[in-house]
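Encoded as structure tokens, the structure appears first; notes follow it.
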Amino acid sequence: MQKTPTIFLSYSRANTDVADSIDKDFRSVGITFRRDIRDVAYRSNIKEFMNTIGESNFVLMLISDEFLKSDWCMYEVTELLNTNKFHDKILPVILDNAASIFKPKGRLPYYEYWDNITDEHSLLLARHPNTDLVEVSKRYRNVVNYLGDFFKAITEINHLSIEGLKQQNYRPILDLVGVDNKSQLEELLAIWQLTEQEEKELALDDFGGKYPSNQYYFFLKALIEEDNNKFKKAKRYYDECVRIDPDYAFAHYNLGLLLKNNFQDYKEAKIQFEETLRISPDDVDARIHLGLLLKNHFQQYEEAKVQFEEAVRINPDQADVHTHLGNLFRTNFQEYIKAEAQYKEAIRINPYYADAHYNLAILLKNNFQDYEGAKAQYEKAILINPDHVLAHYNLGNLLKNNFQDYKGAQSQYEEALRIDPDYVLAHNNLGILLGTDLHEYDKAKTRFEEAIRIKPNHTLAHFNLGILLQNSYQDYQAAKDHYENALCVDPEYTDVYINLGVLLSNNFQDYQAAKDHYETVLRIDPTHDLAHINLGNMLRNYFQDYQGAKDHYQKAIRANPESALAHNNLGNLFAKTFNDMEQAKKHYVIATQLDRNFINEEADSLFNIKR
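FYI, UniProt numbering numbers position 117 of the sequence shown as 117, with every residue one higher than the one before it.
As structure tokens, this is what we get:
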């Protein structure tokens, strides 16, 4: 099988929609362009790429007004002109707003534009000389020096409009790169561009009748079935595609994605990504997905690290690889300095990569306690992607818990819910904020109820609604019902047992059931200090088991020596039940030292304890 050509797609970000359209068309026949959203590195190494260019490497250039005024795009142009391969390896596509460059008068605005930019930068450099500005100034001057050569070269090369290119079913590109089965690929590209689904499927069936063992036919059939959410059929066609051509790397890759995302068949997906890498060892995307599988579904963290690090070696300037490696260092190796370095490298490569800012924010908040830094990174992620639901949600948590900015937190939770109205955790946390911090109980209740409507077995929502009903509405039966619902979902949720025990004791006078719940907590967690305290209270007040109460207070202190409540209650027991005033005073004093706001007026007057 002929080696698949490498085609770089050079374009301005303003023309991303055009680039996406061409990219999607070619991916339908298994040809992937290298472009900045996947391969940011090419912007820094395109000269090296062109200097070592072989028969299989080409550049498709989308020339627009924005392209001709873009620093980076025109930098690429000057680098390509320096390789002496411009005429043979470049296919320019002229977008409508750049059609004027074929007349001398139409080129004048671009000469003037770059002259002005260069002059302005020279003045800036004179005032602020530094290495970065010198490099930029050099780049601008190169554009000015080569602009005439570029316009001359473009007029000498066959060029097309985007409409002309599509009307010819991309034949000029296929001619330029010299792929195998060119006529078949051209026919398939024409079929893919059909807009009416039934017409497309009939045309593809006709193609399959002519070429029953054509791998591209089965690949395109699989893509169409995926678009129709018919995943079993898509899998069947991908399987047939790789049976016909076991070295069709893109088919293995797509099959791996299908198995991972739609069948949760992680073992077979892993095999498909490994096959992709057998055929195409430098496929960075395949290494990323294999690394994610190893990390998330096989817990093979060292092996995942190998894949991510190899992806970085292949393409050191691909931002998402650094972010994935940072996540691995942060969550699975607890190597926080390394994680920070990876996130910052991702941001250096692509300052507009929202997920890198978002993950750096999580690291700064959770592992460095740098709350201001975390806030700044969440805000940058949101500025780049206003619909980044997790950034809004986590910024809400940060503002609530670390800045006590309750209105700001409310705004962020509400933004998260605007983006995803079914985001249960955002409903839950907004409910906590409204109830606990803003005292808007009816609104809080509505949020918890909405979370439960969306996800009836959501433990936290039942628990928090129970707290609200118990403390703010005095609806004890409803609170009890929600606590019990929470325990049905998570029988080891110790905080629910504690709250339910308090409710049963104080409001239902069901002391035995309360005692049972505290004992259940201690079976789950023998060091739960509050369960020991509450059980001690039950034994002392309702079961007259004073020795048992003493044992549990002492266990609470062993579990948490800084529990003022445990020391105070043990002091009460020594004073009132055992008449051991020395021990009582000792524990009262400790309680006061631990918490100077802890009030026990009886102990204060009895022992003249100073605060």
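Beta carbons are placed, not taken as given, at the ideal position from N, Cα and C, and that holds for glycine.
Which same chain residues end up closer than 6 angstroms to residue i when comparing Cβ atoms and leaving out the 5 residues on each side of it in sequence?
i, result
"PHE273", "GLY256, ALA286, HIS289, LEU290"
"ASN367", "TYR336"
"ILE384", "TYR352, ALA354"
"TYR497", "HIS517, THR520, VAL521"
"GLN412", "HIS392, LEU395, GLY396"
"THR276", "ALA249, HIS252, TYR253, ASP283, ALA286"
"ASP370", "LEU364"
"TYR170", "LEU189"
"VAL489", "ASN457, THR459"
"LYS47", "Because LYS47 carries a pLDDT of 48, less than 50, the predicted location of this residue cannot be relied on, and the following value inherits that uncertainty. Contacts found: GLU79."
"LEU500", "TYR483, HIS517"
"ALA153", "PHE86"
Within a Cβ cutoff of 7 angstroms, which residues of the same chain sit near residue i, ignoring the five residues on either side of it in sequence?
i, result
"ASN485", "HIS462"
"ASP39", "Low confidence applies to ASP39: its pLDDT is 40, below 50, so where it sits in the model is not reliable enough to give any reading."
"TYR546", "ARG540, LEU573, THR577"
"ARG243", "none"
"GLN300", "LEU294"
"ALA341", "none"
"ALA374", "ALA361, LEU364, LYS365, LEU398"
"GLY208", "TYR217"
"ALA19", "LEU9, TYR11, ARG35, LEU62"
"ASN327", "ASN359"
"LEU147", "TYR110, TYR111, TRP114"
Taking the alpha-carbon of residue i as reference, which of the options has the nearest alpha-carbon?
i, options, result
"TYR253", "ASN228, LYS230, LEU223, GLU519", "LEU223"
"residue 695", "HIS159, TYR217, TYR237", "Because residue 695 is not part of the residues shown, which for the chain are 1 to 611, the question remains open."
"PRO212", "GLU240, TRP192, LYS232", "GLU240"
"ALA531", "ALA514, TYR546, ASN541, PHE543", "ALA514"
"VAL321", "GLN334, THR331, GLN307, ARG330", "GLN307"
"VAL144", "TYR113, TYR413, ILE157", "TYR113"
"ASP96", "GLY466, MET74, ILE63, HIS297", "ILE63"
"GLU163", "ILE94, GLU156, PRO386, GLU449", "ILE94"
"LEU258", "PHE403, ALA269, TYR248", "ALA269"
"MET74", "ALA249, TYR11, HIS87, GLU187", "TYR11"
"ASP510", "ILE271, ALA391, LYS480, ILE557", "LYS480"
"THR6", "GLU450, LYS89, THR155", "LYS89"
"TYR406", "PHE33, ILE157, THR436, GLY148", "THR436"
"ASN158", "VAL134, ARG127, PHE86", "PHE86"
"GLU201", "ASN394, SER183, LYS221, GLN583", "LYS221"
"LEU468", "SER505, VAL489, PRO491, ASN428", "ASN428"
"GLU414", "ALA391, ASN402, LEU185, LEU147", "ALA391"
"PHE263", "PHE250, PRO281, LYS233", "LYS233"
"HIS121", "TYR111, GLU135, PRO109, TYR110", "GLU135"
"ALA478", "ASP149, LEU438, ASN169, LEU503", "LEU503"
"LYS445", "THR459, HIS458, LEU430, ILE454", "LEU430"
"ALA426", "ALA339, GLU449, ALA126, TYR371", "GLU449"
"ILE31", "ASP205, PHE219, LEU535", "PHE219"
"GLN184", "ARG523, ARG13, PRO456, ALA203", "ALA203"
"GLN526", "HIS552, LEU487, GLN512, ASN537", "Rather than Gln, the amino acid found at residue 526 in this sequence is Pro. Closest by alpha carbon: HIS552."
"LEU165", "LEU465, ASN214, HIS482, SER21", "SER21"
"VAL424", "GLU302, ILE271, LYS338, LYS455", "LYS455"
"PRO491", "MET538, ASN402, ILE524, TYR542", "ILE524"
"VAL29", "ASN130, ASN57, ILE117, ASN181", "ASN181"
Who pairs with residue i in a beta bridge, going by DSSP?
i, result
"VAL59", "PHE8, ILE90"
"ARG34", "PHE8"
"SER161", "ILE94"
Please go through the same chain and pick out, in chain order, the residues whose beta-carbon is closer than 8 angstroms to the beta-carbon of residue i, but skip the five residues on each side of it.
i, result
"GLN377", "HIS357, TYR358, LEU360, ALA361, LEU364"
"SER44", "With a pLDDT of 43 at SER44, under the threshold of 50, the modelled position of this residue cannot be trusted; read the value that follows with caution. Excluding residues within five positions, the ones whose Cβ falls inside 8 angstroms are ASP317."
"ASN15", "LEU62, SER64, GLU66, PHE67, LEU95"
Any beta carbon from chain C within less than 9 angstroms of residue i's own beta carbon?
i, result
"TYR497", "The structure shown contains no chain C; it is built from a single protein chain."
Pair every Cβ in the stretch 191-206 with every Cβ in the stretch 24-36, then say whether three or more of these pairs are closer than 8 angstroms. yes
Pairs of beta-carbons, one from the stretch 178-192 and one from the stretch 93-109, closer than 8 angstroms: are there three or more? no
May I have a chain-ordered list of the alpha helix (DSSP H) segments no shorter than 4 residues that lie completely inside the stretch 514-571? 529-541, 546-559
Does the stretch 556-576 come close enough to the stretch 585-595 that 3 or more CB-CB pairs lie under 8 angstroms? yes
At a cut of 8 angstroms, does the stretch 125-143 reach the stretch 173-185 through at least three beta carbon pairs? no
Check whether the stretch 61-72 touches the stretch 229-236, counting contact only when three or more Cβ pairs, one atom from each stretch, lie closer than 8 angstroms. no
Ranges of the alpha helix (DSSP H) found wholly within the stretch 317-374, counting only runs of at least 4: 319-332, 336-349, 354-368
In the stretch 146-211, which residue ranges form an unbroken alpha helix (DSSP H) of at least 4 residues, counting only runs that do not cross its ends? 162-167, 171-177, 182-192, 197-210
Runs of alpha helix (DSSP H) wholly within the stretch 375-450 (minimum 4 residues, chain order): 389-402, 406-419, 424-432
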